[in-house]
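S.K.: Dumping the structure here so I can ask a few things about it.
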DNA sequence: TTGAAAGCGCTAACAA
DNA sequence: TTGTTAGCGCTTTCAA
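Residue numbers (the numbering used here), protein chains in the order written: chain B, 64 to 398; chain G, 64 to 398.
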C-alpha cells in the first residue's frame, strides 16, 4: 500500500515551493507556463489528489451542502434529492444526503453531524421540532433552506407547494361530478402538508355548499400501510361514494384496499389522489391525481441556498424568501 | 452572526487545556469527574460543536464512506442507498451519496471527489470503465466494494445477485406454461446484469428443448422509454405470445405499451418481469416478477466495507470476498 | 490527572 | 513570478 502523497512532496519533485503547487492546483493565473507544466506533469505522474480535508480546514469552507429528507425510498423525496444534487453540482458543491425519517431525534442528530462537518448550508424538509438548533445553525453562519414544510418562528428561505388550493381543486372537481360522500385520508395534521390538504377538502365543501361529514375524514401517517388501513376503516363504516387520499404512499395502500375489496373504479367508487406516482397513469382507468412540481421544488431550494452561501455572511440578515410553487390537477378516468 | 467557537476558547472558559477538552470530547477515561463536568457544562452553554474537518485532518480518517449509484430515482438504487446508509450509521459512519448516472466520466469525477475528501471507503455499482482509478484507490488504502456488477481484473469485495439462475427460472416457467414465442427485452449486454439475464433466457430455452428465435430478443438500456419502444417494436414485428422484460424501469414502459395496444394479460400476452416494482402487485392481474434481495445487497456490501475499514491497512492484502445473493420468482397472474 | 507543543496538509498574506 | 511562513482546529505524544 502506497503512502499518500502530500503537496510538499509534489513540490519537491517539481522543484518548486508548496505555494506554487497550490497556485497551480487552484488555477492561479500568474504562474509561468513552464512551471505550471512541470507541476501538472508531476501531479499526473504521481496521481496526486489534493487533500480536501486540509483545504477545507484552511479555507473554512467545504463546498458541500447537507440535505435532510425523510426518506430516499419515497419517490417524492428522491426526486428532491436528485434535484438538489444536480443543482449543487452545477455550482460545484457536493451534497451529503441524510434520511431523517421524520424523526426529530434523527433530524437533530444529522443537523449536528452536518454542523460538525461544517457544511456550507443545509436544505431540509423539517419535522418542525428542532427550531432552536436550526436557529443556532443560521446564526452561526450556516444558511438553511426549508422544503415543503415550515417551522414556526424560523427566519429562513422556504419553498412550498400550494397544497390547500390544489387540494380544494380536486375536491371541488369531485363534488361537481356529483359525489357527495367523499372519504378523505389525511396526513398528520401537525405537518403543514397534512393540514393544508385537509383544509382544501373542507374549503371545497364550503364553496360548493355541501355539508361535511367528519366521519369521512381519517388521519393517517403518510405511509402505505396506513393508507390501506384507513381505507378499510372507511369501507367498513359505511357508504362512501368516493375516496380522496392525500399522498402517494397512502394512495398505494388505499388502492390495494380497493382492489382487494373488489370495488370497481369509478363505478363503485370514485378515486383521486394527491401526488402522481408512476402507477397512477398505468392502471385502468388512470387515477386522477395532483402532480406537484417536485423537481422544481428541490432545484429552487438549492438555488436559493447556493445564492446565500455565495453571498457569504452578508446575507444572514437579508430578508428570508418564501416561494410557493403550484401543483396541477390531472384528470384521468378514476373520478 | 456569532463567530464560531473553537476548542481553545472552550478550554479557556473551563480553565483547562485544549488537551483536556479533547479528552472530554472523546470520552477518554482518566479525566477527573469534576473537570469533565465543568468542561461539559461549558460545551453545553456555548453550543460548541467540534470541528470535524480539523479532527479528520489530524486523525487521517473521516468516518465516512462514499456511495456511487447510477440513479437515486430508481427504486433499486434508492433501496441500496438506504441500506448502505442504515448500515453505515449503525457503525457510526456517515455516507456521501453520488448519482453516477451510469456515465464513466461522472463516475470518475465522483471517485476523485471522494478520494480528495478522503472518505474511508467506497461502495459503488460500477460502470466498469474506471478500473485503473479504482485500483489506485484500493492500493492507496481506500477499500472499495462493488455492488451488483463486477469490474474485470479488479481485486475487491463484491456482492452480486444470481441473475442468470433467476432469469432461467422465469423463462422456464413461461415455457412450461406453454408459451413458445417469448419476447425478451434485455438490458445493455456490456453490463453484467444485462448479459446474465439474457443468458438465463437462452439457458431456459435450451434446457426445455425449445428453439430460439433471436428476433424476439431486443436490447434496451434499462430505462423506461426503451422498454416502451422495444415492446412496440416486438408488437409490430409479429406474433408474440409472451413478453419478458429484464428490469423494473423498462417493465413500466413495456406495460404501458401493452395497455396502449389494448392487449389483455394473460389472454393475449403473457407478461413477466425481472424486478418487482410496487405497481406489479397492484395491477390486475398481478405481474409475475423476480424479486431481488435489494436491501440485503446494500447492507451486505456496507458490512463488508466497514469490516475492511475497521481492520485497517492490514486488510488490503486480504483475499477479496465475493457474495452472491439469491433472487426469488414470485408467481402472480400474468403468466 | 493534566498541560505543552508538534504537526496533520493546505492556503494566502507578505516579502522578495 | 515565486518562496517563506503562519495558522486553520484538532489529537496525541511526552513530560510532569
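All C-beta atoms in this analysis are idealised placements derived from N, C-alpha and C, irrespective of residue type, glycine included.
Just to check my reading of the structure: residue 281/B and residue 296/B have Cβ atoms closer than 8 Å, yes? What is that Cβ distance to the nearest angstrom?
M.R.: Between residue 296/B and residue 281/B the Cβ distance is about 6 Å, and since that is below 8 Å, they are a contact.
S.K.: Does the beta-carbon of residue 367/B have 16 or more other beta-carbons within 10 angstroms, so that it is buried, or is it exposed?
M.R.: It is buried - the Cβ of residue 367/B has at least 16 other Cβ atoms within 10 Å.
S.K.: I think residue 318/B touches residue 345/G, with their Cβ atoms under 8 Å apart; what is that distance to the nearest whole Å?
M.R.: With 8 Å as the limit, residue 318/B and residue 345/G qualify as a contact, their Cβ atoms being about 6 Å apart.
S.K.: Taking C-alpha atoms, which residue in 201/B, 339/B, 350/B, 210/B lies nearest to residue 381/B?
M.R.: Ranking the options by Cα distance to residue 381/B, first place goes to 201/B.
S.K.: Can you check whether the C-beta of residue 150/G is within less than 9 Å of a C-beta belonging to chain B?
M.R.: No - not a single Cβ of chain B is within 9 Å of the one on residue 150/G.
S.K.: If you measure beta-carbon to beta-carbon, which residues of the region 199-219 of chain B are closer than 8 Å to chain G?
M.R.: Correct list: 199, 202, 203, 204.
S.K.: Find the nearest neighbour of residue 383/G within the set 351/G, 397/G, 218/G, 264/G, judged by alpha-carbon distance.
M.R.: Selected option, being the one with the closest Cα: 218/G.
S.K.: Taking the beta carbon of residue 348/G as the centre, do at least 16 other beta carbons fall within 10 Å, making it buried, or is it exposed?
M.R.: Residue 348/G should be labelled exposed.
S.K.: Kindly list, in the order they appear in chain B, the residues whose Cβ is closer than 8 Å to that of residue 345/G.
M.R.: In chain order: 315, 318, 319, 322, 342, 346.
S.K.: Over the uninterrupted beta strand (DSSP E) stretch that includes residue 217/G, give me the two end residues.
M.R.: Counting along the chain, residue 217/G falls outside any beta strand (DSSP E), and DSSP gives it neither H nor E.
S.K.: Note down, in chain order, all residues in the region 177-192 of chain G with a beta-carbon under 8 Å from any beta-carbon belonging to chain B.
M.R.: The residues in question are 178, 179, 180, 181.
S.K.: Could you name the residues of the same chain whose beta carbon sits closer than 6 Å to that of residue 361/G, not counting the 5 residues immediately before and after it, in chain order?
M.R.: Same-chain partners within the cutoff: 143, 146, 147.
S.K.: Using a Cβ cut-off of 9 Å (strictly closer), state whether residue 89/B contacts chain G.
M.R.: No, because no Cβ of chain G sits closer than 9 Å to the Cβ of residue 89/B.
S.K.: So with CB distances below 8 Å, who are the chain G contacts of residue 119/B?
M.R.: The answer, in chain order, is 116.
S.K.: Using the Cβ count rule (16 or more neighbours within 10 Å means buried), how would you classify residue 220/B?
M.R.: Buried, by the Cβ-count rule.
S.K.: Do the CB positions of residue 353/G and residue 334/G come within less than 9 Å of each other?
M.R.: Not closer than 9 Å, so no.
S.K.: I'd like the ranges of any alpha helix (DSSP H) spanning at least 4 consecutive residues and lying wholly in the region 170-244 of chain G.
M.R.: The qualifying runs are 194-202, 226-239.
S.K.: Chain G partners of residue 291/B, CB-CB under 9 Å?
M.R.: The premise fails here: residue 291/B is roughly 11 Å from chain G at the closest Cβ pair, so nothing lies under 9 Å.
S.K.: Do you know offhand how far residue 275/B's Cα is from residue 191/B's?
M.R.: Straight-line Cα distance between these residues: approximately 30 Å.
S.K.: Whose Cβ in chain B lies nearer than 7 Å to the Cβ of residue 144/G?
M.R.: Result: 135.
S.K.: Could you tell me which residues DSSP puts in a beta bridge with residue 306/B?
M.R.: Answer by DSSP bridge pairing, in chain order: 246/B, 334/B.
S.K.: Would you report the Cα separation of residue 313/B and residue 113/G, rounded to the nearest angstrom?
M.R.: When rounded, the distance between both Cα atoms is 41 Å.
S.K.: Using a Cβ cut-off of 7 Å, pull out every chain B residue sitting near residue 162/G, in sequence order please.
M.R.: Chain B residues near residue 162/G: 145, 148.
S.K.: For the 8 Å Cβ check, are there 3 or more pairs between the region 119-137 of chain G and the region 100-119 of chain B?
M.R.: Yes: at least three Cβ pairs fall under 8 Å.
S.K.: Determine, using beta carbons only, whether residue 264/B and residue 305/B come nearer to each other than 9 Å.
M.R.: No; because the gap between Cβ atoms is not below 9 Å, this pair is not in contact.
S.K.: Taking C-alpha atoms, which residue in 194/B, 285/B, 288/B, 277/B lies nearest to residue 303/B?
M.R.: Looking at the Cα atoms, 277/B is the closest of the given residues.
S.K.: Please report the Cβ distance between residue 390/G and residue 249/G, rounded to the nearest whole angstrom; I am assuming they are in contact, meaning their Cβ atoms lie under 8 Å.
M.R.: Not really, about 16 Å apart at Cβ, beyond 8 Å.
S.K.: Looking at the unbroken alpha helix (DSSP H) that takes in residue 129/B, where does it start and where does it end?
M.R.: No alpha helix (DSSP H) contains residue 129/B, which is instead part of the beta strand (DSSP E) from 127-132.
S.K.: Could you confirm whether any beta carbon from chain B is found closer than 9 Å to the beta carbon of residue 262/G?
M.R.: Taking Cβ atoms only, chain B never reaches closer than 9 Å to residue 262/G, which makes this a no.
S.K.: Quick one: complete alpha helix (DSSP H) runs, 4+ long, within the region 247-287 of chain B?
M.R.: Runs found: 255-271.
S.K.: Less than 9 Å between the C-beta atoms of residue 331/G and residue 138/G, yes or no?
M.R.: Contact: no.
S.K.: Hey, is residue 369/B's beta-carbon within less than 9 Å of any beta-carbon in chain G?
M.R.: No, residue 369/B does not count as interfacial toward chain G.
S.K.: For residue 328/G, which option in 289/G, 286/G, 396/G has the closest C-alpha, if you only look at C-alpha atoms?
M.R.: Ranking 289/G, 286/G, 396/G by Cα distance to residue 328/G puts 396/G first.
S.K.: Have a look at the DSSP bridge pairing and note the partners of residue 157/B.
M.R.: BP columns for residue 157/B point to 127/B.
S.K.: To be precise: take each residue of the region 67-101 of chain G, compare its Cβ to all Cβ atoms of chain B, and keep it if any distance is under 7 Å. Which residues remain?
M.R.: Answer set for the region 67-101 of chain G: 67.
S.K.: Excluding the 5 residues flanking residue 169/B on each side, which residues of the same chain have their C-beta closer than 7 Å to its C-beta?
M.R.: Contacts found: 163.
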